[in-house]
Amino acid sequence: MRGVSAPAPRDARSSDVGRLVVRCPDRPGIVAALSGLMADAGANIIDSQQHSSDPSGGTFTLRLEFFLAGLTARRPDLEAALAELAGEFSLTWRLTEAAYRPRLAVFVSRADHVLQELLYRVDAGDLRAEIAVIVSNHPDLEPVARAHGVPFHHVPVTPQTKAAAEARALELIGDVDLVVLARYMQIVSADFCSRFPERLINIHHSFLPAFVGANPYQAAADRGVKLIGATAHYVTPELDAGPIIEQEVARIDHRATVEDMRRVGRYVERQVLAQAVTWHVEDRVIVDGAKTIVFA
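1287 is the number of the first residue of the sequence shown in our numbering; add one for each residue after it.
Right, dumping it as structure tokens:
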């Protein structure tokens, strides 16, 4: 069984492939400067995507993948060159190695559908990450975690013990790269959010704000809704208001029962959360204020 302190494995298929994500004020010459830097380092750019919010005074964002033989050993020199360029162009940047598999902590309650999707995609190699630990406020999903060899921790939560439970959960997950709330039916505190800026993802149905409460599907059925949706977003202290990463909908009609709607909702939630997590671990998401730029 994998322990939470074990180093994340590396993926040999991505050896010597790097990713560079850049954000800065838009101006002429940024792409030329970055391309020149890569060429001087001997790197071959294999994919590049860019966006400008406004070519006159806007914000420029770029994600590129490159191949550089001996990347790990040569990374310090590349980072030094990027730091020098950052001063000239006011760049904020992030450099990662595609071979690194980020370590995830997944928080769940009783519903297993989104957890099962994440576990399947990791096992299949479609999600190049490691689920290092699963934390739940209920014991129900321990057999699922055990079947996949992932440590499971039951941390009960009540209004009176919420602060202590969060502190215990933080001890258990250790130093992870991303926290995923996979239908975790608890509101995390502002302090918890602050520990994982842009590294905490949640999934919920897209009936909000029209249908709130414990039984939104019944309320939606009573109103005759025709679309079932889900939203994955980064978590901020303001409830369900963080930057949206991915959304999807499925159409239904008058024949759908409440249970039909829940079934469709589970399907959409699985797809949306897994896609959002995949984009995050592949460095495809850039937060831009209240929004995101996703280089899918």
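No residue lacks a Cβ here, since even glycine has one placed at the ideal position from N, Cα and C.
*Does DSSP classify L1494 as helix, strand or coil?*
Reduced to three states, the DSSP call for L1494 is coil.
*In chain order, each beta strand (DSSP E) run of at least 3 residues that lies wholly inside the segment 1398–1428*: 1416–1422, all fully within the segment 1398–1428.
*Mind checking D1461: buried by the 16 CB within 10 Å criterion, or exposed?*
Around the CB of D1461, fewer than 16 other CB atoms lie within 10 Å, so the residue is classed as exposed.
*Reducing DSSP to helix, strand and coil, say where Y1553 ends up.*
The answer is helix: DSSP assigns Y1553 an H, G or I state.
_Cβ neighbour criterion (16 or more within 10 Å) applied to R1364_ = Position check: residue 1364 holds Leu in this sequence, whereas Arg was assumed. By the neighbour-count definition (other C-beta atoms within 10 Å, threshold 16), L1364 is a buried residue.
*Let me know if Q1446 comes out buried or exposed under the rule of 16 or more other beta-carbons within 10 Å of its beta-carbon.*
Sixteen is the threshold: since fewer than 16 other Cβ atoms of the shown chains lie within 10 Å of the Cβ of Q1446, the residue is exposed.
*Pick out the complete beta strand (DSSP E) segments inside the segment 1462–1493, 3 residues or longer, and give them in chain order.*
You should have 1464–1467 and 1486–1491.
*Secondary structure at F1438, three-state DSSP: helix, strand or coil?*
Residue state, collapsed to three classes: strand.
*So, is L1467 buried or exposed, given that buried needs 16 or more other C-beta atoms within 10 angstroms?*
Around the C-beta of L1467, 16 or more other C-beta atoms lie within 10 Å, and the residue is accordingly described as buried.
*Decide if T1578 is buried, meaning its Cβ has at least 16 other Cβ atoms within 10 Å, or exposed.*
Classification of T1578: buried, given that the 10 Å Cβ count is 16 or more.
*If we ignore side chains and look at the alpha-carbon of each, how far apart do Q1557 and E1534 end up?*
Using only the alpha carbons, I get a separation of about 8 Å.
*Residue burial classification, S1422 (beta-carbon count within 10 angstroms, cutoff 16)*: The residue is buried, with at least 16 neighbouring Cβ atoms inside 10 Å.
_L1357 in three-state terms, based on DSSP_ = DSSP places L1357 in the helix class (H, G or I) of the three-state scheme.
*Using 8 Å as the threshold, is the segment 1485–1495 in touch with the segment 1418–1435, meaning 3 or more CB pairs across them?*
Contact between the segment 1485–1495 and the segment 1418–1435 is absent, because fewer than three Cβ pairs lie under 8 Å.
_Three-way DSSP call (helix, strand, coil) for F1581 in this model_ = Taken through DSSP and simplified to helix, strand or coil, F1581 comes out as coil.
*May I ask you to report which of helix, strand or coil DSSP gives A1431?*
Reduced to three states, the DSSP call for A1431 is helix.
*For Y1553, the nearest candidate out of Q1402, Q1335, V1465 and P1502 (CA to CA)*: Out of Q1402, Q1335, V1465 and P1502, Q1402 has the C-alpha closest to the C-alpha of Y1553.
_Among the candidates F1478, A1355 and P1483, whose CA atom is the shortest distance from the CA of K1448?_
In this structure, F1478 is the residue among F1478, A1355 and P1483 with its C-alpha nearest to the C-alpha of K1448.
*How is T1345 classed by DSSP in three states: helix, strand or coil?*
T1345 sits in a strand when the DSSP states are folded into three classes.
*asked:* If I measure Cβ to Cβ from V1443 and keep anything under 6 Å in the same chain, skipping five residues before and after, which residues do I get?
replied: Counting only Cβ-Cβ distances below 6 Å, and skipping sequence neighbours, we find N1423, A1451 and Q1472.
*Can you tell me whether DSSP reads A1583 as helix, strand or coil?*
Outside the displayed range of the chain (1287 to 1582) lies residue 1583, so it cannot be described from this structure.
*Determine, using beta-carbon pairs with one atom in the segment 1343–1350 and one in the segment 1306–1317, whether at least three such pairs fall under 8 Å.*
Per the Cβ contact rule, the segment 1343–1350 is in contact with the segment 1306–1317 (3 or more Cβ pairs under 8 Å).
*Pick out whichever of A1325, I1331 and E1555 has its Cα sitting closest to the Cα of A1397.*
For the options A1325, I1331 and E1555, the alpha carbon positioned closest to that of A1397 is the one of E1555.
_Taking the beta carbon of D1409 as the centre, do at least 16 other beta carbons fall within 10 Å, making it buried, or is it exposed?_
Exposure of D1409 is indicated by the presence of fewer than 16 other C-beta atoms within 10 angstroms of its C-beta.
*Taking just the CA atoms, how far does A1391 sit from A1433?*
If you take the alpha carbons of A1433 and A1391, they lie about 17 Å apart.
*asked:* Among N1501, R1414 and L1427, whose alpha-carbon lies nearest the alpha-carbon of D1463?
replied: Minimum Cα distance to D1463 is reached at R1414.
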